[in-house]
Amino acid sequence: MSYTPLAGTRAPVRVWTDPYGIEPQAAQQLRNIGALPWVEGVAVMPDVHFGKGATVGSVIAMRQAVSPAAVGVDIGCGMSAVRTSLTAADLPDDLAGLRSAIEATIPVGFNQREKPVDPRRVRGLEQAGWDDFWRRFAGLDRRVAQLETRAQRQMGTLGGGNHFIEVCLEQGGADEGRVWLMLHSGSRNIGKELAERHIAVARRLPHNTDLPDRDLAVFLAGTPEMDAYRRDLWWAQEYARRNRAVMLALLCGVVREQFPHVGYDEPISCHHNYVAEESYDGVDVLVTRKGAIRAGRGDLGIIPGSMGTGSYVVRGKGNPDAYCSASHGAGRRMSRAQAKRTYSTADLAAQTAGVECRKDAGVVDEIPGAYKDITQVMAQQEDLVEVVAHLKQVVCVKG
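When you number the sequence shown by the UniProt record's numbering, it's gap-free, plus one each residue, and the end is 399.
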């Protein structure tokens, strides 16, 4: 489908789903965003749902301004994946041992490492820039200075919520049954701490006093506050990228131990909570993608569904109406609290049949039924991306 304009906004708000199907709170958020004087335009992805300040699944182009709430608190959160030389026939019938090996190697949930990762000891990990990266911690917002040790120990850890590690099988085509490794994570606690501190600063700035939603407070170009946010933002985005790179390299190592003959293609990695400097129709803008990936022409990206439905590797079509973007996943159709009220562990077991994963009360809020239909989400963005591979998980690790 092509987009539908959302009526009643100053800046154009283009919607890649049925506008009447958007929950009322999210629709009001989109109108609030479209009313901001700095906004050049908004692209609304088919996985859109209510968020803090800005909706999840929104791409916002601003002139000389940026709203930290339009990035989200998990700065740089995103996906990484790599195709292996293995096929389904190489995997054992019982995948519990593989799942246990992954969980023993990569801390999940609130767990962190006893000692920081030494990049030199991780096979296949990019070695460049680590010393400079950690040196720059000293230049971040002084209020996070005491968190450096925690940030170091959380490097290469998954976290909880909707973060996951998966072993998947390719569906259909010439590579039917090919094994992929995939993971979803971000900048861990340090990204959240930086985001929340800068959102609080933005809310207090005089030019933000009359906004329709104070959570949409912005920083303006050329100000010390904007400079400080951009400095911390770029660092947190790099933290997230390196965090996923460490985990993917460790994950490859786990699989290599069990399958010594395995080979790996080039990894794919993409943020879906971040800021980028881009230009459209000759206008330079700061583009915030909150629950959206960049889908420029030829860009490879990853769009996951839920822990029982599968995911897609895609190639961007470079649609400028969407600011060269696509959805970041299926998107939630109910809150975590509602999911826990609606579903039981028996429902979770039924909806994740055939997947080696947790099936206890602690992950009921991540049940596939709490998410939108990923096949419908993909159908609504056919003018944004083309499918490269359809994947179905056989192992899913959650925190």
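A virtual CB, placed ideally from N, CA and C, is assigned to each residue, including glycine.
Rounded to the nearest angstrom, the gap between the Cα atoms of Arg297 and Lys290 is 20 angstroms. A contact is defined here as three or more CB-CB pairs under 8 angstroms, and the region 178 to 189 meets this definition with respect to the region 152 to 162. Inclusion of Ala346 and Val377 in the CB contact set at 8 angstroms is not warranted, their separation being larger than that value.
In this structure, Tyr274 is the residue among Arg63, Tyr274, Glu23 with its C-alpha nearest to the C-alpha of Leu233.
Taking every protein chain shown into account, the CB of Ser100 has fewer than 16 other CB atoms within 10 angstroms, so this residue is exposed. Assigned with DSSP and collapsed to three states, Pro46 falls in strand.
Less than 8 angstroms separates the beta-carbon of Ile60 from that of Ile33. Remark: fewer than three beta-carbon pairs, one from each stretch, lie closer than 8 angstroms, so the region 113 to 120 and the region 307 to 323 are not flagged as touching. When DSSP states are grouped into helix, strand and coil, Ile303 belongs to the strand group. In its chain, beyond the 5 residues on either side, Ala61, Ala276, Glu278, Tyr323 have a beta carbon closer than 6 angstroms to the beta carbon of Val287. Following the DSSP letters along the chain, one finds Lys192 in no beta strand (DSSP E) but inside the alpha helix (DSSP H) bounded by residues 188 to 203. When C-beta atoms of the region 40 to 49 are compared with those of the region 2 to 12, three or more pairs fall below 8 angstroms, so the two segments count as touching.
Here the C-alpha atom of Glu103 lies approximately 19 angstroms from the C-alpha atom of Asp93. Restricting attention to Arg121, Gly161, Tyr239, the CA atom closest to the CA of Arg150 is found in Tyr239.
Runs of beta strand (DSSP E) with 3 or more residues, each lying fully within the region 154 to 182, are found at 164 to 171, listed in chain order. Contact between Gly301 and Ala339 does not hold, since the beta-carbon distance rounds to 26 angstroms and is not under 8 angstroms. For Ile374, the uninterrupted alpha helix (DSSP H) run begins and ends at 374 to 379, by DSSP. Contact between the region 73 to 87 and the region 257 to 264 is present: three or more C-beta pairs spanning the two stretches fall below 8 angstroms. In the three-state DSSP reduction, Asn32 falls in the helix class (H, G or I). For Gln237, the enclosing alpha helix (DSSP H) covers residues 224 to 258. In terms of Cβ geometry, Val397 and Val355 do not form a close pair [threshold 8 angstroms]. Ala61 has Gly41, Val287 as its beta-bridge partners, per DSSP. Counting only residues of its own chain and dropping the five nearest sequence neighbours on each side, Pro12 has a CB closer than 6 angstroms to the CB of Gly41.
DSSP places Thr149 in the helix class (H, G or I) of the three-state scheme.
Leu391 places its beta carbon 8 angstroms or farther from that of Ser269. Taking a cut-off of 8 angstroms for Cβ pairs, the region 44 to 59 and the region 14 to 23 touch, as three or more such pairs fall below it.
Going by DSSP, Ser100 is part of the alpha helix (DSSP H) stretching over 96 to 105. Apart from sequence neighbours up to five positions away, the residues of its chain that approach Phe50 with a beta-carbon distance below 7 angstroms are Glu23, Gln25, Ala26, Gln29, ordered along the chain. DSSP, read as helix, strand or coil, puts Glu366 in helix.
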